[in-house]
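Our numbering puts the sequence shown at residues 599 to 771.
To start, the structure under review is shown below, and the notes come after it.
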Amino acid sequence: MRLQDFIGLNVFGVDEGKEVGKIVDCILDSNWNITGIELESKSFFGSHVKVVAWEDIVAYGEDAVMIQNEESIRKVDAGSIPHSFLEGKIKLKDMQVVTETGTILGKVSDVYFDQKLGNTIVALEISDGLVTDLMEGRKWLPCIPGMSIGENAVVAPALSEERLEKNINIVNG
């Protein structure tokens with residue numbers, strides 16, 4: 599499943615069957631795991647965001663995310679979230695991917711996680727610019743040991759360029 603498809607899903611409480619919000623971002627850790635989801639907030643000027651920890655998600659699918667009830671939603675200081683996909687201090691979307699040997703592979707355009715594996719990120723979709731994307735398609739890079747999320751770039755092991763794969767049929771994978 600792609601994070602771009604996950605963001606925007608409605609979140610429901612199982613207890614009441616009540617819609618409690620919509621996902622606006624995903625929170626990540628440095629070990630390539632999704633640790634929570636951020637829900638839309640009504641306040642535009644507050645420094646707090648509404649967050650549901652991953653362990654409080656009862657189930658999720660292509661159409662909705664289920665939590666037990668509204669008590670699973672916590673207010674968190676936005677500045678305390680270390681990594682996220684779309685917003686925040688360190689956002690993964692559009693971040694450069696560079697190898698330890700100095701080769702720029704492109705920018706992160708999306709992130710994939712396997713529903714069977716839970717919250718583990720399995721691959722990054724890499725864009726090399728609009729023209730290259732149109733002519734050759736995007737590529738994806740499997741998440742491998744040694745990859746790290748830095749302040750300004752994802753740093754991948756030296757031979758990661760050889761691991762890039764054409765993004766064929768990745769939507770079904």
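Where is the CB? At the ideal position from N, CA and C, for every residue including glycine.
Rounded to whole angstroms, what is the Cα-Cα separation between residue i and residue j?
{"i": "Glu668", "j": "Trp652", "result": "14 Å"}
{"i": "Glu636", "j": "Val622", "result": "6 Å"}
{"i": "Lys620", "j": "Ala754", "result": "32 Å"}
{"i": "Leu607", "j": "Thr697", "result": "33 Å"}
{"i": "Val663", "j": "Ile679", "result": "21 Å"}
{"i": "Phe604", "j": "Glu660", "result": "7 Å"}
Regarding residue i and the ligand NAD, is the C-beta to nearest heavy atom distance less than 7 Å?
{"i": "Gly716", "result": "Among the ligands in the structure shown, none appear at all, so the ligand NAD cannot be discussed."}
Between residue i and residue j, which are expected to be in contact by the criterion C-beta below 8 Å, what is the C-beta distance as a whole number of angstroms?
{"i": "Leu626", "j": "Ser682", "result": "6 Å"}
{"i": "Gly704", "j": "Ile688", "result": "The Cβ separation is near 18 Å, so there is no contact."}
Establish whether the CB of residue i and some CB of chain C are separated by less than 8 Å.
{"i": "Asn608", "result": "The structure shown contains no chain C; it is built from a single protein chain."}
Opposite residue i in the DSSP bridges: which residues?
{"i": "Ser707", "result": "Paired residue(s): none; Ser707 is not in a bridge."}
{"i": "Gln602", "result": "In DSSP, Gln602 forms no bridge with anything."}
{"i": "Leu637", "result": "Ile621, Lys648"}
{"i": "Lys691", "result": "Looking at the DSSP assignment, Lys691 forms no beta bridge with any residue, so it has no partner."}
{"i": "Arg736", "result": "Bridge partners of Arg736: none, in fact."}
In three-state terms, what does DSSP make of residue i?
{"i": "Ala756", "result": "coil"}
Would the region 624 to 634 count as touching the region 718 to 726 if we require 3 or more Cβ pairs under 8 Å? With the cut-off at 8 Å, the region 624 to 634 and the region 718 to 726 touch.
Between the region 654 to 669 and the region 683 to 702, can you find at least three pairs of beta-carbon atoms closer than 8 Å? Judged by Cβ distances under 8 Å, the region 683 to 702 makes no contact with the region 654 to 669, as fewer than three pairs qualify.
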